[in-house]
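As you go down the protein sequences, you meet chains A and B in turn. 60 is the number that the working numbering gives to position 52 of the first sequence; each next residue is one higher, with no gaps. 1075 is the number that the working numbering gives to position 81 of the second sequence; each next residue is one higher, with no gaps. Even for Gly, the Cβ is constructed at its ideal location relative to N, Cα and C. Just so we're clear, the structure is a prediction, and the values are computed from it rather than from any experiment.
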Amino acid sequence: MIFSALRLSVTVALASTALVAGVGTLAGWLLARSRFRGRETLDAVLNLPLVLPPTVTGYYLIALLGRRGLLGTPLYRFTGWSVPFTWVACVAAASVMAFPLMVRSARVAFEGIDPRQEIASASLGHGRVSYLLRVALPMARRGLASGVVLAFARSIGEFGATLMLAGNIPGRTQTLPLAIYDAVLAGEDRTALALSALLTAVSVGVMLAAGRLGRRRA
Amino acid sequence: MSAASSLKEAAREAADRFEAEHPGTGVVVNAAASGVLLRQIEEDAPVDLFLSASRDEIGRLERAGRIEIGAARPFASNRLIVIVPAGSSPPATLAGLADPRFDRIAIGNPRTVPAGRYAEQALRWAGIRDAVASRLVPGESVRQALEYVARGEAAAGLVYATDARALGRKVTLGPAAPEGSHDPIVYVAAPLRDAPHRTEAAALLAFLLSEEGRRILARHGFLPPPAP
Chain A
9 MIFSALRLSV TVALASTALV AGVGTLAGWL LARSRFRGRE TLDAVLNLPL
59 VLPPTVTGYY LIALLGRRGL LGTPLYRFTG WSVPFTWVAC VAAASVMAFP
109 LMVRSARVAF EGIDPRQEIA SASLGHGRVS YLLRVALPMA RRGLASGVVL
159 AFARSIGEFG ATLMLAGNIP GRTQTLPLAI YDAVLAGEDR TALALSALLT
209 AVSVGVMLAA GRLGRRRA
Chain B
995 MSAASSLKEA AREAADRFEA EHPGTGVVVN AAASGVLLRQ IEEDAPVDLF
1045 LSASRDEIGR LERAGRIEIG AARPFASNRL IVIVPAGSSP PATLAGLADP
1095 RFDRIAIGNP RTVPAGRYAE QALRWAGIRD AVASRLVPGE SVRQALEYVA
1145 RGEAAAGLVY ATDARALGRK VTLGPAAPEG SHDPIVYVAA PLRDAPHRTE
1195 AAALLAFLLS EEGRRILARH GFLPPPAP
């Protein structure tokens, strides 16, 4: 049980971090560079998971992805498959919770770049995409990297929304935080302690690795 | 009063009646899975009266010296029943749950929810426990298992007959687990030895066992406790 929870937690955290890193960087870029109507509203909505209780976010995810949810209904009708109680549900919950952290980091990182860099890049014949890939991304890498670390940390620690959307099925959707919760409720304090120590070790390891990565790149 | 999830409404109604008869006394009902309530009590939650959906939890507290031997009283019983989301057709028998169309079967988490333990016993009795093992979805309480089915997330569930009544329109009732397919479902009430309000706890327990208490439980679908 301990091993399957660890493997699931790491898989889910890696998958949701990859997803969030890609989409979150793009969203941060758009929020930092583009001026469009409703930009601040969009920013506020994207940040909601940071301020809402995870149970509320989890409930919205059920309303959206459940078998009778807004997207879940057609999905189930056409594929016979639904998100809740699968590892995809763990990834969805972790991603939504981690997304704002990545977007915020990316937005701040991109906003910190001197606008003259873009003018200089344009004078050398680079278009917007080329500027993003060759200038902005490398310059924002530290901010982006810290966003990725925060997103990973949030993902691996996700509990509330995961419990609501993915349930607590040992071997399938029971991540480390859920396994700890289960062990505590069942009165298995030794297991709870072992799992907590394991999660702490993984988290410290990730932070150390991220710190090293940050220094080497800087 | 810490009450098993399935007792939530009945316990609240009994508490309301008790309050009306004892002006100045307020009863707080804390409903959760019996195993969770057990944990809270072990961690010194301020509980006067514990209503468990199984003798197991009471036994553990007796062994720990938290409940006096002989103080616990069985006060109700229940049945386990198959439910499916409203509009879908239930299996004819318990063993019919092996049909692959029941791709997810909601039960209480057997580690903390007595209803889940009874459900596992019944599935084993029907000879399909291993066949459906990978399809079992454990809920944090029997009420969550019910909710999974009511919402259509699970294609079937095993809950108490009283729970199924609580969400009557959202679920369709199937066969009940036959008598003898699982341990008898006995609800047991016990005052805690170190209860902050011992006198009131004794009075509330007496009320629960009184004619009026039994009527309230019966109105919520609970059966009388088995004869000792």
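Chain A beta carbons: is any one of them nearer than 8 Å to that of Thr1106 (chain B)?
Residue mapping note: residue 1106 (chain B) aligns to position 112 of the second sequence, counting from 1. Yes, its Cβ sits closer than 8 Å to a Cβ of chain A.
Which residue spans inside the stretch 996 to 1048 of chain B form an unbroken alpha helix (DSSP H) run of at least 4?
1002 to 1015, 1028 to 1036
For a minimum of 4 consecutive residues, which ranges assigned as the alpha helix (DSSP H) are wholly contained in the stretch 1138 to 1211 of chain B?
1155 to 1160, 1192 to 1203
Who are the neighbours of Asn1103 (chain B) on chain A, taking C-beta pairs under 9 Å?
Counting from one through the second sequence, the residue named residue 1103 (chain B) turns up at place 109. In chain order: Asn176, Asp190, Leu193, Ala194.
Could you name the residues of the same chain whose beta carbon sits closer than 7 Å to that of Leu1202 (chain B), not counting the 5 residues immediately before and after it, in chain order?
Taking the first residue of the second sequence as 1, we reach residue 1202 (chain B) at position 208. Cβ within range, chain order: Ala1008, Phe1069, Ala1183.
Take Gly219 (chain A) as the anchor and find which of A:Ala191, A:Ala161, A:Pro123, A:Val157 has the nearest alpha-carbon.
As a first step, residue 219 (chain A) must be located in the first sequence, where it is residue number 211. Selected option, being the one with the closest Cα: A:Val157.
If you reduce the DSSP assignment to three classes, tell me which class Ser42 (chain A) lands in.
Position 34 of the first sequence, counted from the start, is the residue given in the question as residue 42 (chain A). Of the three classes helix, strand and coil, the one that applies to Ser42 (chain A) here is coil, per DSSP.
Under the three-state reduction of DSSP, which class applies to Arg1054 (chain B): helix, strand or coil?
As a working mapping, residue 1054 (chain B) is identified with position 60 in the second sequence. Note: Arg1054 (chain B) maps to helix in three-state DSSP.
Provide the residue(s) that pair with Ile1099 (chain B) in DSSP beta bridges, ordered along the chain.
Residue 1099 (chain B) sits at position 105 when you count from the first residue of the second sequence. Beta-bridge pairing links Ile1099 (chain B) to B:Leu1130, B:Ala1150.
Leaving out five residues on either side along the sequence, give the residues of the same chain with a beta carbon under 8 Å from the beta carbon of Asp190 (chain A).
Here residue 190 (chain A) is taken as the residue at index 182 of the first sequence, counted from 1. Asn176, Pro178, Gln182.
Chain A partners of Gly1146 (chain B), CB-CB under 8 Å?
By 1-based counting over the second sequence, the position of residue 1146 (chain B) is 152. Near Gly1146 (chain B) (Cβ distances below 8 Å), the residues of chain A are Gly74, Arg75, Arg76.
Span of the beta strand (DSSP E), counted from its first residue to its last, around Arg47 (chain A)
Residue mapping note: residue 47 (chain A) aligns to position 39 of the first sequence, counting from 1. First-last for Arg47 (chain A): 47 to 59, but that is the alpha helix (DSSP H), not the beta strand (DSSP E).
Cα separation between Val212 (chain A) and Leu184 (chain A)?
One-based indexing of the first sequence puts residue 212 (chain A) at position 204. One-based indexing of the first sequence puts residue 184 (chain A) at position 176. If I take the Cα positions, the gap works out to 15 Å.
Please determine, among B:Ser1083, B:Arg1118, B:Pro1218, B:Glu1206, the residue with the shortest C-alpha to C-alpha distance to Ala1089 (chain B).
Within the second sequence, the letter at position 95 stands for residue 1089 (chain B). Among B:Ser1083, B:Arg1118, B:Pro1218, B:Glu1206, the Cα nearest to that of Ala1089 (chain B) is on B:Arg1118.
Could you give the C-beta distance for Val1165 (chain B) and Ala1158 (chain B), rounded to a whole number, given that I count them as a contact under 8 Å?
One-based indexing of the second sequence puts residue 1165 (chain B) at position 171. One-based indexing of the second sequence puts residue 1158 (chain B) at position 164. Right, the Cβ-Cβ distance comes to about 6 Å (below 8 Å), so this counts as a contact.
Do you know offhand how far Thr25 (chain A)'s Cα is from Pro57 (chain A)'s?
As a first step, residue 25 (chain A) is located in the first sequence; it is residue number 17 there, counting from the start. As a first step, residue 57 (chain A) is located in the first sequence; it is residue number 49 there, counting from the start. Thr25 (chain A) and Pro57 (chain A): Cα-Cα distance of roughly 16 Å.
Using 8 Å as the threshold, is the C-beta distance between Ser996 (chain B) and Ile1035 (chain B) below it?
In the second sequence, the residue the question calls residue 996 (chain B) occupies position 2. In the second sequence, the residue the question calls residue 1035 (chain B) occupies position 41. Cβ distance < 8 Å, so Ser996 (chain B) and Ile1035 (chain B) count as in contact.
For Pro1068 (chain B), three-class secondary structure by DSSP
Looking up residue 1068 (chain B) in the second sequence gives position 74. Strand.
Contacts of Phe93 (chain A) in chain B (Cβ-Cβ under 9 Å):
Position 85 of the first sequence, counted from the start, is the residue given in the question as residue 93 (chain A). Near Phe93 (chain A) (Cβ distances below 9 Å), the residues of chain B are Arg1098, Val1131, Tyr1142, Glu1147, Ala1148.
Exposed or buried, Gln125 (chain A), counting other C-beta atoms within 10 Å across all chains shown (16 or more means buried)?
Numbered from its first residue, the first sequence carries residue 125 (chain A) at position 117. With fewer than 16 Cβ atoms within 10 Å of its Cβ, Gln125 (chain A) is classed as exposed.
When you compare the stretch 1012 to 1027 of chain B with the stretch 198 to 207 of chain A, are there three or more beta-carbon pairs, one atom per stretch, that lie closer than 8 Å?
no
For Pro1104 (chain B), which option in B:Arg1129, B:Leu1199, B:Ala1027 has the closest C-alpha, if you only look at C-alpha atoms?
Looking up residue 1104 (chain B) in the second sequence gives position 110. Closest by alpha carbon: B:Ala1027.
By the criterion of Cβ-Cβ separation under 9 Å, what are the contact partners of Glu1036 (chain B) in chain A?
Start at 1 with the first residue of the second sequence, and residue 1036 (chain B) comes out as number 42. Within chain A, the residues near Glu1036 (chain B) are Gly195.
Checking contacts by CB at 8 Å: is Val1030 (chain B) closer than that to chain A?
Here residue 1030 (chain B) refers to the residue found at position 36 of the second sequence. True, the Cβ-Cβ gap to chain A drops below 8 Å.
So, using beta-carbon positions, are Val20 (chain A) and Val99 (chain A) closer together than 8 Å?
Reading the first sequence from its first residue, position 12 is the one you call residue 20 (chain A). Reading the first sequence from its first residue, position 91 is the one you call residue 99 (chain A). A contact, by the Cβ cut-off of 8 Å.
Which residues, taken in chain order from the stretch 1007 to 1033 of chain B, show a beta carbon closer than 7 Å to some beta carbon of chain A?
Gly1029, Val1030, Arg1033
Chain-ordered neighbours of Glu1056 (chain B) on chain A, where CB pairs are closer than 8 Å
Residue mapping note: residue 1056 (chain B) aligns to position 62 of the second sequence, counting from 1. Within 8 Å Cβ-Cβ: nothing; Glu1056 (chain B) doesn't reach chain A, min ~16 Å.
Based on the DSSP output, what are the partners of Val1076 (chain B) in its beta bridges?
Here the question's residue 1076 (chain B) lines up with position 82 in the second sequence. Per DSSP, B:Leu1152.
Do three or more CB pairs link the stretch 1081 to 1100 of chain B to the stretch 1187 to 1201 of chain B at distances below 8 Å?
no
Where the alpha helix (DSSP H) through Glu1114 (chain B) begins and ends
Position 120 of the second sequence, counting from 1, holds the residue named residue 1114 (chain B). Its alpha helix (DSSP H) spans residues 1108 to 1119.
Range of the contiguous alpha helix (DSSP H) that encloses Gln125 (chain A)
In the first sequence, the residue the question calls residue 125 (chain A) occupies position 117. First-last of the alpha helix (DSSP H) with Gln125 (chain A): 124 to 131.
Which class does Leu78 (chain A) belong to by DSSP, given the choice of helix, strand or coil?
Reading the first sequence from its first residue, position 70 is the one you call residue 78 (chain A). Residue state, collapsed to three classes: coil.
Straight-line Cα distance separating Glu1003 (chain B) from Arg1067 (chain B):
For the purposes of this step, residue 1067 (chain B) is taken as residue 73 along the second sequence, with counting starting at 1. For the purposes of this step, residue 1003 (chain B) is taken as residue 9 along the second sequence, with counting starting at 1. Approximately 20 Å between the Cα atoms of the pair.
Start and end residues, alpha helix (DSSP H) containing Ser113 (chain A):
Stepping through the first sequence from its first residue, residue 113 (chain A) is reached at position 105. Per DSSP, Ser113 (chain A) belongs to the alpha helix (DSSP H) from 95 to 119.
Beta-carbon spacing of Arg1073 (chain B), Tyr1154 (chain B) below 8 Å:
Against the second sequence, residue 1073 (chain B) aligns to sequence position 79. Against the second sequence, residue 1154 (chain B) aligns to sequence position 160. Cβ atoms of Arg1073 (chain B) and Tyr1154 (chain B): closer than 8 Å.
Short CB-CB distance (under 8 Å) between Glu1051 (chain B) and chain A:
Taking the first residue of the second sequence as 1, we reach residue 1051 (chain B) at position 57. So no, Glu1051 (chain B) is outside the interface.
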